[in-house]
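Count along the sequence shown from 1, add 1113, and you get the number used in the numbering used here. By construction, the Cβ of each residue, glycine as well, lies at the ideal position given by its N, Cα and C atoms. Model, not experiment: these values are computed from the prediction. Notes follow the structure.
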Amino acid sequence: IFDKDHYAFSSRSGGDDEAATEASTTFSTSKSINALVSKLQMHPIYRLLRFLTFRLSVLLSSLFIFFLTTSLVSFTLQETQDRMLEFTLQLKDRVRNRLPLAGLVVRHVLE
């Protein structure tokens, strides 16, 4: 019962020789991948593409913030204009009918 791997989800059974071989293969593979990545990072085209990607991300972020801000300002101005028009119409009706204005002004200020 103890001659198999002790890992619960391992599909292989075997001894320590296979595990040691796999560990050395994994280490040498990761070492060669690291060497390849470091060579690639020094390549001028990689550096240019990385620079262009950074600039593009800054541009897209700036455009997003610009459109978000303009949309919020537009919404705020539209709401303010609607409320001012409503207040103007109510004020005109109150003045025409000679009703008190204090309640209207207080309610408008509290909104």
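Supposed close pair residue i, residue j - CB separation, criterion 8 Å
{"i": "L1217", "j": "Q1203", "result": "6 Å"}
{"i": "H1221", "j": "F1200", "result": "5 Å"}
{"i": "Y1159", "j": "L1153", "result": "6 Å"}
{"i": "R1207", "j": "L1214", "result": "6 Å"}
Endpoints, the alpha helix (DSSP H) within which residue i is located
{"i": "H1156", "result": "Counting along the chain, H1156 falls outside any alpha helix (DSSP H), and DSSP gives it neither H nor E."}
{"i": "L1214", "result": "Unbroken run through L1214: none, as it is neither H nor E."}
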